[in-house]
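Peer 1:
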Amino acid sequence: MKTCKNFQTGAALIVSLMMLLVMTVLGVAAMQTNLLEEKMAGNFRDHDLAFQAAEMALRNGEGWLSTLTVEPAFAAEDDFIDKVWKTAELEDLFTVSPWWEENTTNPFAYGQAVPGLGVVQSDPVRVIERVAFLKDGSSLTIGLPQDSSGRVLYRITSQGTGGTATAKIVLQSIYAKRF
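Once you know that position 136 of the sequence shown is 136 in UniProt numbering, the rest is easy, because the numbers rise by one and skip nothing.
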């Protein structure tokens, strides 16, 4: 009787190890992609929270101005709550970055904190500046000189922080009010 010797060369083992290696590489790549997507979603949420906080402070300032019947008083260095700043008294908000951060208790030294969003790192803050007075082109008001009718322009600047301190948004609007 003839006996056949089967020599195993290990081809099945090599093929299965190669397939296992390919599957591992694909799994690691998918995991890294998933982690990146989670970070992107978290950062987007953080940015969105900061935007909502800044927008809330902006709306708060506009709402406060809309309720006024007389022009508000100008702010003093130690009394800035619900007051308006003269434009010349404030430094440029965007070119002088330490201005925002020089005060550790309130990062917006001349602003007013607006509470309301509990999920953010810190309350949004705002500053209201009186920018200019725009005279009306022609006034039909009897008894008043033409120079006294017009609108006062205010610049409202707000800063909102997201869930982390690194997500910050600054918004500005110009608000016109007739007194």
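Built from N, CA and C at the ideal position, the CB exists for glycine as well. None of the values given here were measured: they were computed from a predicted structure.
(1) With which residues is Gln159 paired in a DSSP beta bridge?
(2) Nearest by alpha-carbon distance to Arg178: which of Asp123, Val152 and Gly162 is it?
(3) Taking Glu62 as the reference, give the member of Ala167, Ile128 and Asp136 with the closest Cα.
(4) Between which two residues does the alpha helix (DSSP H) harbouring residue 186 extend?
(5) Within this structure, are the beta carbons of Ala57 and Val125 separated by less than 8 Å?
(6) Given this structure, state the Cα-to-Cα distance separating Asp48 from Pro72, to the nearest angstrom.
(7) For my contact list, Arg155 and Val120 are in at a C-beta cut-off of 8 Å; report their separation, rounded to the angstrom.
(8) Ala53 and Thr161 - do their beta-carbons sit closer together than 8 Å?
(9) Can you tell me whether Ala73 is helix, strand or coil according to DSSP?
(10) Buried or exposed, going by whether 16 or more other CB atoms sit within 10 Å of the CB of Asn103?
(11) By how many angstroms is the C-alpha of Ile14 removed from the C-alpha of Ile169?
(12) Can you tell me the Cβ-Cβ gap for Tyr175 and Leu65, rounded? I've got them flagged as a contact below 8 Å.
Peer 2: Quick answer:
(1) Val125 and Val170
(2) Val152
(3) For Glu62, the closest of Ala167, Ile128 and Asp136 by C-alpha to C-alpha distance is Ile128.
(4) The shown model of the chain, from 1 to 179, leaves out residue 186, and the question about it has no answer.
(5) yes
(6) 32 Å
(7) Between Val120 and Arg155 the Cβ distance is about 23 Å, and since that is not below 8 Å, they are no contact.
(8) yes
(9) coil
(10) Note that Asn103 scores a pLDDT of 35, beneath 50, so its modelled location is shaky and nothing firm can be said.
(11) 56 Å
(12) Right, the Cβ-Cβ distance comes to about 6 Å (below 8 Å), so this counts as a contact.
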